[in-house]
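Student: Protein chains in written order, with the UniProt record's numbering: chain A, 1 to 142; chain B, 1 to 142.
Where a beta carbon is used, it is the ideal one built from N, C-alpha and C, also for glycine.
1) Our contact map puts residue 120(A) next to residue 54(A) with C-beta atoms below 8 Å; I'd like the distance itself, whole angstroms only.
2) Taking C-beta to C-beta, are residue 134(A) and residue 94(A) nearer than 8 Å?
3) From the beta carbon of residue 84(B), is the nearest beta carbon of chain A less than 8 Å away?
4) In the structure shown, what three-state DSSP assignment does residue 120(B) receive?
5) In angstroms, rounded to a whole number, what distance separates the CA positions of residue 67(B) and residue 92(A)?
6) Please go through the same chain and pick out, in chain order, the residues whose beta-carbon is closer than 6 Å to the beta-carbon of residue 131(A), but skip the five residues on each side of it.
7) Quick one: using the 10 Å Cβ neighbour count with 16 as the cut-off for buried, is residue 85(B) buried or exposed?
8) Expressed to the nearest angstrom, what Euclidean distance is found between the alpha-carbon atoms of residue 26(B) and residue 2(A)?
9) Rounding to the nearest angstrom, what Cα-Cα distance links residue 9(A) and residue 44(A) in this structure?
10) How do the stretch 5 to 25 of chain B and the stretch 33 to 49 of chain B stand: do at least 3 beta-carbon pairs fall below 8 Å, yes or no?
11) Which residues mark the beginning and the end of the alpha helix (DSSP H) in which residue 72(B) is found?
12) Just reading off the beta strand (DSSP E) that residue 50(B) is part of, what are its end residues?
13) Determine, using beta carbons only, whether residue 19(A) and residue 30(A) come nearer to each other than 8 Å.
If you want it as structure tokens, here you go:
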């Protein structure tokens with residue numbers, strides 16, 4: 001079911017400063033920026049590697065407001081890893097398979113993710129404390 | 001410098017139970033087990049994907065004792081993502097390059113990591129709150 005580590009999502013207070021840090025320290029470059037009003041974040045995808053089934057990225061997330069999931073995460077946990085995302089070929093099918101094992105889904109249907117992907121989050125309490133995301137990349141010609 | 005997301009390290013209280021959870025939920029399988037007395041952990045590597053430069057894994061970590069880095073992490077943060085590891089071709093060279101940018105290294109020289117890799121940790125305070133590891137995989141014929 002799991003094809004790759006699609007991305008690691010990292011919460012930060014200052015997106016531009018953190019992009020600069022990752023570029024200077026590791027040479028990682030931004031390949032996509034997006035404001036996701038639904039999730040309340042301003043985000044950037046930094047490209048790490050390409051694979052047969054899709055890319056791997058570091059996703060930097062800055063909350064649009066304190067009263068958002070990432071804003072609350074920063075207030076209680078501070079900057080750091082917010083979630084881990086796995087690439088799948090069929091997000092709806094993976095959601096069904098995973099729900100059947102007893103793991104709760106935060107999203108009942110797939111929703112919009114970075115770079116036109118289709119995503120769903122699983123409940124961290126059912127995945128060993130890790131907020132876990134499933135990512136179906138868009139068709140290559142999209 | 002960065003070739004891949006080599007692994008995401010996840011701290012857990014019960015290694016066997018968490019392996020079973022990841023296998024049941026995601027179909028991920030253990031490809032390596034190890035006790036690292038130096039780091040005070042019992043660990044398992046679950047294979048996610050292969051790439052041109054090496055594999056990608058989920059690393060599950062159970063502390064050998066409460067008075068270890070992972071034991072203290074669990075006591076203060078609870079179960080969840082402990083660190084993010086990037087694959088590099090030359091860990092000593094990457095350490096030098098990164099130190100030159102002002103990021104502090106936890107390890108002054110490379111040390112033993114999972115599956116005979118050579119690793120070094122960077123200081124999380126200098127990498128946006130993320131405990132970050134560099135991993136040089138062993139030669140393929142080793």
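Tutor: Put simply:
1) Contact flag wrong, Cβ pair sits at about 16 Å.
2) Going by beta carbons, residue 134(A) and residue 94(A) fall inside the 8 Å limit.
3) yes
4) strand
5) 42 Å
6) 83, 124
7) buried
8) 6 Å
9) In a straight line, the C-alpha of residue 9(A) is about 10 Å away from that of residue 44(A).
10) Verdict: yes, contact present.
11) 69 to 77
12) 41 to 51
13) yes
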